[in-house]
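Using my numbering, the first residue of the sequence shown is number 28, and each one after it goes up by one.
Glycine included, every Cβ here is placed at the ideal spot set by N, Cα and C.
All figures in this text were calculated on a predicted structure; none of them were measured in a lab.
Have a look at the structure below before the remarks.
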Amino acid sequence: MHPIDYIIVIIYLLGIVGLGFFLQKKASAGIESYFLGDRNLPWWALGASGMASNTDIAGTMVIVALIYALGTKGFFIEIRGGIVLVMAFFMVFMGKWNRRANVMTLAEWMQLRFGRGREGNIARLISAIANLVFAVWVMSYFAVGGGKFFGEFLGINPQIASIFTIVLAMVYATVSGFYGVIWTDVFQGGLIFIAIVYVCILALQTATLPDEFIISVPLGDGQFQQISTTLADWSRILPPMELNLPGQYASFNLFGMAIFFYFLKTTLEGCSGGGGYMSQRYFAAKSDREAGLLSLFWILLLSFRWPLVTAFAVLGIHYGMTAEAIADPELVLPKVIEAFVPVGIQGLLVACFIAAAMSTFDSIINSSAAYWVKDIYQAYLNPEASREQLMLHSRGASIAIVLLGLAFSFNISNINEIWGWLQLGLGSGLFIPLLLRWYWWRFNGYGFALGTAAGAIAALITKFAGLQLPEASSFLLISGSALFGCLAGTFLTPPTDRQVLENFYKVTRPFGFWGTISKTIPANLQAKIKAENQRDIIATAIAVPWQLVLFLMGMMLVMKQWDSFGILLLLFILLSIGLYFTWFKHLSKEVRFDIESV
């Protein structure tokens, strides 16, 4: 880069670290402040932070690569995780279910569901360990993506680039806690939005794709193959049932089955509630209403990511037609910035993508450290720990997670490979127990613990044993192991205490197989809970296509496919009307849950 660009990047980095130190005092009041911001942060800040945390550099590079090579077919592949379609479920019902628990972490939540005896303690401990393992691997994934981008762009070793970026995020996240994570994310989200607007305008002014053009797909072992495609096929909004792709993308050739599988997996995952930094923002929300509003804002902001990645893909194709074809799709992002962005703006864009990387790093660091401090150290090792001891462990856990993530990242070279394993490997082993906990009263803490352990072990064995299984086979093997563990642990042990189950049902109000428990509450309250559940199910069926159509609209705009854009706009308006009447007008204004006010 030009010296001016370096100056811009340095000013940004100093500013973000300075903001972190500025918020240090507020975050140091205690672990409630450090991990949840005292549950006093505005919904729009939580939503903007969520968007910034989802817009990571590694995921952006993967998505740009898929859109560059496959067009809108790449969009549908990212139903597996990149579209963050689980947000539709969080927006309608899962966000408020999490908020009602009034806990700090997903692991602590286990004691609301399974009690504070041995059963709840085992579930809590296993949940904390599993989430820490997942966080370390996610950190490795983001380290590889960040290193690949900044190493290529700045001409330095990718590992050095990833170490520098993550350590910098660790510094301010460790110092400022959740307050720093949220407010630096809001600032960084503003920078990301600037990048989106600039790149989209640049693509619209610079590139108009011809009817036929050349793209490139990876074959493996550093080899790539150029193939010809048409604009009509590349930009079609209804995906085909079959493809004919070589190399690493050949796994998507049974396209209809792959997309159905991804959609099923995402639906189950959305209904499971997940964990990590997503749930953390709902634990920090003030009310059911604010949980819904932050979700809506989160989705609306996240929709701008899709015209951004499409703009980079369009510019990458244009670069291939006017200069030379970009062989590695995962390098389209840095190549386009280097080729099309002028001095000064280049430094600003690099700062924006550093912001995207660091906003993800800081969220993972802060949310995962809570599992060690709250659910292991304070819960079992030192229940009488002082505020100073808890804060010391909060910062120490943050550093340890970063170092472990960096260590594992050194053996990973392909971003899409580790992303697929996280979504369909390790993630598959964890979400089956998370799913059953909401909808089946008989499922107990022993079933959760054994199912989580079985799923995680199966995922790690397939990874380290080098088993090259198709994604669907890997998913079925790992999730099947988790399900077997869940059922074995549940039926070999007694049910959860009835009073614990009744309290959980009254506080959370889930739908599913709760007839045995729900019949214990007055009939009029049963009817009101049933009405709320029915509205949520209908609203979710509308919210899922609503989110998909919203994201596709931005892509069609950048591709200049005006007919497709018009069709999607009409669908979006109709779905928005349906969502208003089934969900938005019913948003609860409760600050605290009271069963008598249901």
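In this structure, the straight-line span from the alpha carbon of Pro30 to that of Leu40 is close to 15 Å.
Per DSSP, reduced to three states, the secondary structure at Phe540 is strand.
Closest in alpha carbon position to Gly423, among Phe435, Ser436, Ser395, Pro410, is Ser395. Shown here, Ser421 sits in a helix according to DSSP, grouped into three states. Cβ contact annotation for Ala515 (same chain, cutoff 7 Å, sequence separation greater than five): Leu477, in chain order.
With a minimum length of 3 residues, there is no unbroken run of beta strand (DSSP E) contained wholly in the segment 135-164. Counting the other Cβ atoms within 10 Å of the Cβ of Gln307 gives 16 or more, which makes it buried.
Judged by their CB atoms, Leu510 and Ile459 are nearer to each other than the 7 Å cut-off.
For Leu246, no alpha helix (DSSP H) run applies; the uninterrupted beta strand (DSSP E) run containing it begins and ends at 239-247, by DSSP. Under the criterion of beta carbons closer than 8 Å, Val244 and Leu272 qualify as touching, at roughly 6 Å. If the five residues before and after Lys123 are omitted, its C-beta is found closer than 6 Å to the C-beta atoms of Asp315, Ala318, all from its own chain and listed in chain order. Counted as a single uninterrupted DSSP element, the beta strand (DSSP E) harbouring Thr257 occupies residues 250-257.
For Met268, the number of other beta carbons within 10 angstroms of its own is below 16, and it is reported as exposed. In the three-state scheme derived from DSSP, where H, G and I count as helix and E and B as strand, Trp124 is classed as helix. For Thr567, the enclosing alpha helix (DSSP H) starts and ends at 550-586.
Under the criterion of beta carbons closer than 8 Å, Ala150 and Phe475 qualify as touching, at roughly 5 Å. DSSP, reduced to helix, strand and coil, places Trp610 outside both helices and strands of the structure shown, so it counts as coil. The segment 283-300 and the segment 68-76 do not touch, with fewer than 3 CB-CB distances between them shorter than 8 Å. For Tyr407, there is no enclosing alpha helix (DSSP H), as DSSP marks it with neither H nor E.
Sequence-distant partners of Val163 (beyond 5 residues in either direction) whose C-beta falls short of 7 Å from its own C-beta, in its chain, are Ile428, Leu431, Gly432, Phe435. With 16 or more other CB atoms across the displayed protein chains lying within 10 angstroms of its CB, Leu342 is buried.
A straight line joining the alpha-carbon of Pro356 with that of Leu376 spans about 19 Å. Residue state for Trp467 is assigned as strand, using DSSP reduced to three classes.
Judged by DSSP in its simplified three-state form, Asn184 adopts coil rather than helix or strand. In this structure, DSSP gives Lys546 a state outside helix and strand, which the three-state scheme calls coil. Distance check between Gln252 and each of Arg263, Asp238, Gln275, Ile264 places Gln275 closest, using alpha-carbon atoms only. By alpha-carbon distance to Thr201, the top candidate from Ala397, Ile381, Val91, Leu258 is Ala397. Here DSSP, grouped into helix, strand and coil, assigns Val202 to helix.
One thing to note: Gly456 has its Cβ no nearer than 7 Å to the Cβ of Ala499. Contact annotation: Leu462 and Ser299 have beta-carbon atoms nearer than 7 Å.
In summary, Ser262 is buried, with 16 or more beta-carbon neighbours lying within 10 Å of its beta-carbon over all protein chains present.
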